[in-house]
Amino acid sequence: MATHRIQITVNGEAKEGQVESRLLLVHFLRENLRLTGTHIGCDTSHCGACTVLLDGQPVKSCTFLAVQADGHQITTVEGLEQNGKLHPVQEGFWEKHGLQCGFCTPGMMLTSCALLNRNRNPSEAEIREAISGNLCRCTGYVNIVKAVQYAAEKLQKEEAHA
Amino acid sequence: MIPSSFDYHAPATLAEAVALLGKYPEDAKVLSGGQSLLPLLKLRLGQAGHLIDIGKIPGLEYIKEEGGMLRIGGRTRESALERSEIVQKRYPILVDTAKVIADPIVRNLATVGGNLAHGDPGNDHPATMLALGAQVVAMGKSGERVIPIDKFFLGLFRTALQPDEILTEIRIPAPVEGSGGAYVKLERKVGDYATAASAAYVVIGTQGFVERAGIGLTNLGPTPIKATAAEKYLIGKKPETAALAEAARIAAQATEPSADRRGAVEYKREMARVLTGRALKKAVERAGGK
Ligand SMILES: Cc1cc2nc3c(=O)[nH]c(=O)nc-3n(C[C@H](O)[C@H](O)[C@H](O)COP(=O)(O)OP(=O)(O)OC[C@H]3O[C@@H](n4cnc5c(N)ncnc54)[C@H](O)[C@@H]3O)c2cc1C
Ligand code: FES
Ligand code: FES
Numbered sequence: 001m002a003t004h005r006i007q008i009t010v011n012g013e014a015k016e017g018q019v020e021s022r023l024l025l026v027h028f029l030r031e032n033l034r035l036t037g038t039h040i041g042c043d044t045s046h047c048g049a050c051t052v053l054l055d056g057q058p059v060k061s062c063t064f065l066a067v068q069a070d071g072h073q074i075t076t077v078e079g080l081e082q083n084g085k086l087h088p089v090q091e092g093f094w095e096k097h098g099l100q101c102g103f104c105t106p107g108m109m110l111t112s113c114a115l116l117n118r119n120r121n122p123s124e125a126e127i128r129e130a131i132s133g134n135l136c137r138c139t140g141y142v143n144i145v146k147a148v149q150y151a152a153e154k155l156q157k158e159e160a161h162a
Numbered sequence: 163m164i165p166s167s168f169d170y171h172a173p174a175t176l177a178e179a180v181a182l183l184g185k186y187p188e189d190a191k192v193l194s195g196g197q198s199l200l201p202l203l204k205l206r207l208g209q210a211g212h213l214i215d216i217g218k219i220p221g222l223e224y225i226k227e228e229g230g231m232l233r234i235g236g237r238t239r240e241s242a243l244e245r246s247e248i249v250q251k252r253y254p255i256l257v258d259t260a261k262v263i264a265d266p267i268v269r270n271l272a273t274v275g276g277n278l279a280h281g282d283p284g285n286d287h288p289a290t291m292l293a294l295g296a297q298v299v300a301m302g303k304s305g306e307r308v309i310p311i312d313k314f315f316l317g318l319f320r321t322a323l324q325p326d327e328i329l330t331e332i333r334i335p336a337p338v339e340g341s342g343g344a345y346v347k348l349e350r351k352v353g354d355y356a357t358a359a360s361a362a363y364v365v366i367g368t369q370g371f372v373e374r375a376g377i378g379l380t381n382l383g384p385t386p387i388k389a390t391a392a393e394k395y396l397i398g399k400k401p402e403t404a405a406l407a408e409a410a411r412i413a414a415q416a417t418e419p420s421a422d423r424r425g426a427v428e429y430k431r432e433m434a435r436v437l438t439g440r441a442l443k444k445a446v447e448r449a450g451g452k
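If you read the protein sequences in the order shown, they are chains C and Z.
Going by my numbering, the first residue of the first sequence is number 1, and it counts up by one from there.
Going by my numbering, the first residue of the second sequence is number 163, and it counts up by one from there.
See the structure below:
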């Protein structure tokens, strides 16, 4: 079986690999690049623990081939912190206790970032809709919603000051 | 889980893609959004020797009104459909449908063409397209052909597409005065296939009588179902409560559900009746009938 030379920009850095056709993006990230913040929570494309941003849009990296990502931009949870400063969404999860075991958290945060990039002031219903493809078995979602609201406020304040 | 080995091809043009499908007639598959195909390959419920990714072919993602039709490019994503202004304004039934497909993350990759081409009676767009009287455009080695949607679904995971054909466009007649449609789905949770779902479309004439009716049903038999007897019943009737209820009852008789974790046969058939009643009511409201 043929392999493919791919080049993907991951968290702003160009990464290369020689991959089998069937290699899933999540395995490329975790095993080839050792970015283990992207989790695998199911075998059926349901849980969203593997969510990453593909050119800014959340996708399930367990249901996307590494070779399909060739030439694209990928953001993983490791890419959220900038210059030693947590992303407002990360800060929100910290401040509002938006996690318990933390397994769903990377995917949850990336989905939330994409939502806030498109809508700076989402309603509770819009937040719940946006994260409906990310399953959390611990929190009951209440504090996750608060974390996203915290991040939304913080981003709006930052922009007002800028 | 990891799929068994296959070769991946990313043709740059439709002609190349068709040629590749022709080259491996036994075991090539089109890869569109991959949100049905990759789960199948991962669970090893399906197999393919060659995946032909149509994602690098330009010009397959669009939504536009032209020549009295809404034209949707075969690779248009569900997320683009639900956010499209023209769809929100003029085709609310399509927003109803897209919004209940899978979850928002899956919808960033899943495509409208894939949803039809998969031929799964659990997919949501087929019922809506049956109700709307859509057409599907297929490109093969001998050129393009147009397939009416009621000739498209042949069996479980079986469609009218030839192995070397690619679904390139979906065409939906533009709404006329007095028309309205709605899709209503019962699901256990977000991301679940329908326990039952119903799409309804009506055209009400200036005298207040139904001139056209379309009813499509999801996951209630081995293929998506067009409830033709119920559609016929409605023609010439005033779209009032009793007539809509009777049409819903007739539609439910056309179903052949099987019992599974989502419910028993009797339950699903009853849900088909209830949901068709609701879809018809909403379609009539949107048509301005009430
Ligand atoms: C967790 C989850 C939940 C889901 N829930 C729902 C749901 O509630 N309702 C629903 O309707 N769907 C649901 N889906 C399925 C999802 O919407 C699929 O993505 C969609 O049905 C298929 O579209 P795709 O673009 O992903 O196609 P792919 O997976 O790429 O392809 C599916 C099949 O169609 C063929 N094909 C695709 N495009 C073409 C084309 N242009 N020409 C010829 N053949 C083609 C492929 O060869 C393949 O056999 C769910 C999926 C997941 C992962
Ligand atoms: S690992 Fe569960 S959706 Fe990807
Ligand atoms: S915090 Fe444990 S799954 Fe969400």
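Just so you know, even glycine gets a beta-carbon here, dropped at the ideal spot from N, CA and C.
By the C-beta density criterion, K251(Z) is exposed, having fewer than 16 other C-beta atoms within 10 angstroms. In this structure, T368(Z) and R424(Z) do not form a Cβ contact; the two beta carbons are roughly 42 Å apart against a cut-off of 8 Å.
Boundaries of the beta strand (DSSP E) around V52(C): T51 to L54. Burial of R448(Z) is indicated by the presence of at least 16 other C-beta atoms within 10 angstroms of its C-beta. Taking a Cβ-Cβ cut-off of 9 Å, the neighbours of D215(Z) in chain C comprise L65, V67 and Q68, given in sequence order. When C-beta atoms of the region 297-315 of chain Z are compared with those of the region 174-187 of chain Z, three or more pairs fall below 8 Å, so the two segments count as touching. Between L278(Z) and chain C, the shortest Cβ-Cβ separation is not below 9 Å. Taken from the Cβ of I234(Z), every heavy atom of ligand 1 lies 8 Å or farther away.
The beta carbon of S246(Z) sits no closer than 8 Å to any heavy atom of ligand 2. Look at G195(Z) here: in three-state DSSP terms it is coil, with no helix or strand label.
Taken in chain order, the complete alpha helix (DSSP H) segments of 4 residues or longer contained in the region 248-308 of chain Z are 254-261, 266-269, 274-279 and 287-294. Below the 7 Å Cβ cutoff, chain Z contributes N270 as neighbours of Q57(C), in chain order. Under the three-state reduction of DSSP output, Q68(C) falls in the helix class.
In terms of beta-carbon proximity, Q250(Z) stays away from the interface with chain C, with every pair separated by 9 Å or more.
For the pair of segments examined, the region 349-366 of chain Z was found to touch the region 254-271 of chain Z: the number of CB pairs separated by less than 8 Å reaches three. Residues of chain C with a Cβ closer than 7 Å to the Cβ of L200(Z) are, in chain order, T63. Secondary structure at E228(Z): strand, using DSSP grouped into helix, strand and coil. When the Cα atoms are used, I267(Z) and R128(C) turn out to be separated by approximately 13 Å. By the criterion of a C-beta distance shorter than 8 Å, M433(Z) is surrounded in its chain by L348, T357, A358 and G425, once the five residues flanking it on both sides are discounted.
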